[in-house]
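Asker: Each residue of the sequence shown is one higher than the last, beginning at 51 in our numbering.
Here it is: the structure, laid out below.
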Amino acid sequence: MASQILPSFRSQFYGKEGYPVHPNQQYPPLEDYEYIDVALKADKAKDSLYSIAGATFTDLEPVIGTEITGVQLNQLNEQQRRDLALLVAERGVVFLKAQDANADELLDVGRFFGRLHIHQTSPQPADYPELHVVNNDPESTLKAREALTNPRTPRYGWHSDVSYERQPPSYTLFKVDVIPKVGGSTILANQVAVYESLSKPCQKIVEGLTAIHSGLEQAEASRKRGGPVRREPVQNEHPVVRTHPVTGKKALYVNPGFTRYLVGLKPSESDAILQHLYAHIKEGVEFQVRYKWKANTVAIWDNRSTVHTANYDYIVYGEGPQYRNAFRITPQGERPYFDSSRHSEE
Numbered sequence: 051m052a053s054q055i056l057p058s059f060r061s062q063f064y065g066k067e068g069y070p071v072h073p074n075q076q077y078p079p080l081e082d083y084e085y086i087d088v089a090l091k092a093d094k095a096k097d098s099l100y101s102i103a104g105a106t107f108t109d110l111e112p113v114i115g116t117e118i119t120g121v122q123l124n125q126l127n128e129q130q131r132r133d134l135a136l137l138v139a140e141r142g143v144v145f146l147k148a149q150d151a152n153a154d155e156l157l158d159v160g161r162f163f164g165r166l167h168i169h170q171t172s173p174q175p176a177d178y179p180e181l182h183v184v185n186n187d188p189e190s191t192l193k194a195r196e197a198l199t200n201p202r203t204p205r206y207g208w209h210s211d212v213s214y215e216r217q218p219p220s221y222t223l224f225k226v227d228v229i230p231k232v233g234g235s236t237i238l239a240n241q242v243a244v245y246e247s248l249s250k251p252c253q254k255i256v257e258g259l260t261a262i263h264s265g266l267e268q269a270e271a272s273r274k275r276g277g278p279v280r281r282e283p284v285q286n287e288h289p290v291v292r293t294h295p296v297t298g299k300k301a302l303y304v305n306p307g308f309t310r311y312l313v314g315l316k317p318s319e320s321d322a323i324l325q326h327l328y329a330h331i332k333e334g335v336e337f338q339v340r341y342k343w344k345a346n347t348v349a350i351w352d353n354r355s356t357v358h359t360a361n362y363d364y365i366v367y368g369e370g371p372q373y374r375n376a377f378r379i380t381p382q383g384e385r386p387y388f389d390s391s392r393h394s395e396e
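Here you go:
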């Protein structure tokens with residue numbers, strides 16, 4: 051079955067060329083910047099958001115995911131944006147249906163949340179370096195199908211966006227503009243719930259640990275295929291359990307995509323603990339939401355309290371060439387920290 055293509059939105063992002071490009075523009079190392087989450091200035095009741103005429107808010111799962119209709123991102127005032135950020139912090143991810151925002155308007159929303167990240171290796175639309183393109187065109191999906199049918203190839207890629215940065219993204223805005231007819235959903239897991247599912251002794255062990263998150267492998271893979279590396283790749287040490295600056299809740303902060311090892315432990319110890327934690331993420335269906343993309347839906351998720359993965363079912367089981375294309379905007383947040391004195395929402 052053919053993929054569903056949304057030409058008007060696609061042309062806005064890609065311009066006349068219609069395809070992403072791989073500019074090798076070089077950037078200096080990212081400098082630290084002062085970040086204050088806009089959700090800290092939100093109204094806890096979120097009245098400015100909930101009072102929008104015709105808006106509906108539907109929780110998709112008990113601990114994660116809310117679908118919103120009747121709210122246009124490009125029409126929100128500053129207070130409504132703050133209240134939306136608070137809702138994302140509380141629910142992990144929201145899905146706003148039937149959005150008519152163009153690229154510049156979505157970038158404006160992203161900048162309101164924080165300084166926009168420019169990805170070190172990803173393709174980009176012409177003239178939009180802050181847009182990260184997730185591009186699986188028909189040719190690449192056929193190659194991926196061959197790899198994914200190998201039983202040794204992982205079929206999921208759980209991660210938190212660019213967690214290897216010193217100040218990783220707080221939020222992500224994500225829009226899929228080319229949708230497979232069947233499959234191609236995104237799965238997100240609530241890392242607060244994952245942490246809380248651990249036994250108390252296990253919680254105490256991981257609370258005292260830090261982990262190395264690395265972007266070196268991503269950069270090297272891009273070099274090998276002739277792609278760009280726009281800045282010197284980095285590794286950073288982050289707490290295994292981090293405190294959310296808005297809710298005060300503790301969230302697990304490791305992921306199979308970018309976490310490499312636990313600091314100070316033997317490799318066998320590090321591997322055993324990480325695999326135990328990853329099993330909770332992957333197998334904890336009660337912590338997850340699986341979203342089937344619809345035309346013009348924009349997701350906003352919280353990278354500090356969730357991890358996510360694409361579902362590659364459309365590649366493995368789809369008939370003929372399949373196409374999925376998405377765009378990501380990632381405002382950077384605070385440096386991850388653990389505050390043992392905070393236990394719940396304050």
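Backbone N, C-alpha and C define an ideal beta-carbon position, used for all residues, glycine too.
Quick one, which of Ser390, Thr356, Arg374 has its alpha-carbon nearest Val144's?
Answerer: As a working note, residue 144 is residue 94 in the sequence shown. For Val144, the nearest C-alpha among the options comes from Thr356.
Asker: Measure the C-alpha to C-alpha separation of Arg292 and Gln338 and round it to an integer number of angstroms.
Answerer: For the purposes of this step, residue 292 is taken as residue 242 along the sequence shown, with counting starting at 1. For the purposes of this step, residue 338 is taken as residue 288 along the sequence shown, with counting starting at 1. Spanning the two alpha carbons is a distance of roughly 19 Å.
Asker: In the structure shown, what three-state DSSP assignment does His330 receive?
Answerer: Within the sequence shown, numbered from 1, the residue matching residue 330 stands at position 280. Here His330 sits in helix by DSSP.
Asker: Between the Cα of Asp82 and those of Leu123, His167, Ala151, Leu99, spot the shortest distance and give me the residue it belongs to.
Answerer: Here residue 82 is taken as the residue at index 32 of the sequence shown, counted from 1. Nearest of Leu123, His167, Ala151, Leu99 to Asp82, Cα basis: His167.
Asker: Taking DSSP as the reference, what is the three-state secondary structure of Ile229?
Answerer: Within the sequence shown, the letter at position 179 stands for residue 229. In the structure shown, Ile229 sits in a strand (DSSP, three-state: E or B).
Asker: Between which two residues does the beta strand (DSSP E) harbouring Val143 extend?
Answerer: Counting from one through the sequence shown, the residue named residue 143 turns up at place 93. Note, Val143: beta strand (DSSP E), 143 to 146.
Asker: Report yes or no: do the region 137 to 152 and the region 109 to 117 share at least 3 C-beta pairs separated by less than 8 Å?
Answerer: yes
Asker: If you pair each beta-carbon of the region 319 to 339 with each one of the region 229 to 242, do three or more pairs fall below 8 Å?
Answerer: Judged by pairs of C-beta atoms under 8 Å, the region 319 to 339 touches the region 229 to 242, as three or more such pairs exist.
Asker: Of all the beta strand (DSSP E) runs that stay within the bounds of the region 253 to 300, which reach a length of 3 or more residues?
Answerer: 260 to 264, 285 to 289, 291 to 293
Asker: Tell me, which residues are paired with Tyr311 by DSSP?
Answerer: Your numbering for residue 311 matches position 261 in the sequence shown. Ile262, per the DSSP bridge assignment.
Asker: Taking the alpha-carbon positions, what's the Val159 to Ala243 distance?
Answerer: Counted from its first residue, the sequence shown places residue 159 at position 109. Counted from its first residue, the sequence shown places residue 243 at position 193. Straight-line Cα distance between these residues: approximately 28 Å.
Asker: For the beta strand (DSSP E) that contains Glu155, what are its first and last residues?
Answerer: Here the question's residue 155 lines up with position 105 in the sequence shown. It is not in any beta strand (DSSP E) - Glu155 instead sits in the alpha helix (DSSP H) that spans 153 to 163.
Asker: Just to confirm before moving on: does the CB-CB distance between Tyr221 and Asn353 stay below 8 Å?
Answerer: Looking up residue 221 in the sequence shown gives position 171. Looking up residue 353 in the sequence shown gives position 303. Yes. Within cutoff.
Asker: Check whether the region 207 to 219 and the region 118 to 127 are in contact - that is, three or more C-beta pairs closer than 8 Å.
Answerer: No contact exists between the region 207 to 219 and the region 118 to 127.
Asker: Since Val348 is in the alpha helix (DSSP H), which residue starts that stretch and which ends it?
Answerer: Start at 1 with the first residue of the sequence shown, and residue 348 comes out as number 298. Careful: Val348 lies outside any alpha helix (DSSP H), inside the beta strand (DSSP E) at 348 to 352.
Asker: Is Tyr373 closer than 8 Å to Val184 when the C-beta atoms are compared?
Answerer: Residue mapping note: residue 184 aligns to position 134 of the sequence shown, counting from 1. Residue mapping note: residue 373 aligns to position 323 of the sequence shown, counting from 1. Contact flag unset, no.
Asker: Identify every residue that forms a DSSP beta bridge with Pro219.
Answerer: For the purposes of this step, residue 219 is identified with residue 169 of the sequence shown, where counting begins at 1. BP columns for Pro219 point to Gln382.
Asker: Find the nearest neighbour of His326 within the set Tyr245, Glu282, Tyr85, judged by alpha-carbon distance.
Answerer: In the sequence shown, residue 326 corresponds to position 276, counting from 1. Nearest in C-alpha terms to His326, of all of Tyr245, Glu282, Tyr85, is Tyr245.
Asker: Would you kindly work out how many angstroms separate the C-alpha atoms of Glu319 and Phe308, rounded to a whole number?
Answerer: Position 269 of the sequence shown, counting from 1, holds the residue named residue 319. Position 258 of the sequence shown, counting from 1, holds the residue named residue 308. Cα to Cα, Glu319 sits roughly 18 Å from Phe308.
Asker: CA-CA distance, Leu266 and Gly334?
Answerer: The residue you call residue 266 lines up with position 216 of the sequence shown. The residue you call residue 334 lines up with position 284 of the sequence shown. Between Leu266 and Gly334, the C-alpha separation is close to 29 Å.
Asker: Per DSSP, which residues does Glu105 bridge with? Please list them.
Answerer: To locate residue 105, count along the sequence shown from 1; it is residue 55. For clarity, residue 105 is Ala in the given sequence; the question names Glu instead. Per DSSP, none; premise fails for Ala105.
Asker: Quick one: grab the DSSP three-state call for Arg195.
Answerer: As a first step, residue 195 must be located in the sequence shown, where it is residue number 145. Because the pLDDT at Arg195 is just 49, under 50, the model does not fix this residue reliably, and the value given afterwards should be weighed accordingly. In the structure shown, Arg195 sits in a helix (DSSP, three-state: H, G or I).
Asker: Whose C-beta lies closer than 7 Å to the C-beta of Ser98 among residues of the same chain, with five residues either side of it excluded?
Answerer: Against the sequence shown, residue 98 aligns to sequence position 48. Result list for Ser98: Gln129, Gln130, Asp133, in chain order.
Asker: Report the residue from Tyr387, Ser101, Asn286 whose alpha carbon sits nearest the alpha carbon of Val212.
Answerer: Within the sequence shown, the letter at position 162 stands for residue 212. Ranking Tyr387, Ser101, Asn286 by Cα distance to Val212 puts Asn286 first.
Asker: What three-state label does DSSP hand Val335 in the structure shown?
Answerer: Locating residue 335 in the sequence shown gives position 285, counting from the first residue. Reduced to three states, the DSSP call for Val335 is helix.
Asker: Does the beta-carbon of Asp87 have 16 or more other beta-carbons within 10 angstroms, so that it is buried, or is it exposed?
Answerer: Position 37 of the sequence shown, counting from 1, holds the residue named residue 87. So Asp87 ends up on the buried side.
Asker: Please go through the same chain and pick out, in chain order, the residues whose beta-carbon is closer than 7 Å to the beta-carbon of Lys331, but skip the five residues on each side of it.
Answerer: Numbered from its first residue, the sequence shown carries residue 331 at position 281. The residue asked about is misnamed: residue 331 is Ile in this sequence, not Lys. Only Trp208, Ala239, Val244, Val357 meet the Cβ criterion.
Asker: Check each candidate in Val304, Val296, Pro230, Val232 and name the one with the smallest Cα separation from Glu257.
Answerer: Counted from its first residue, the sequence shown places residue 257 at position 207. Here the closest residue by C-alpha is Val304.
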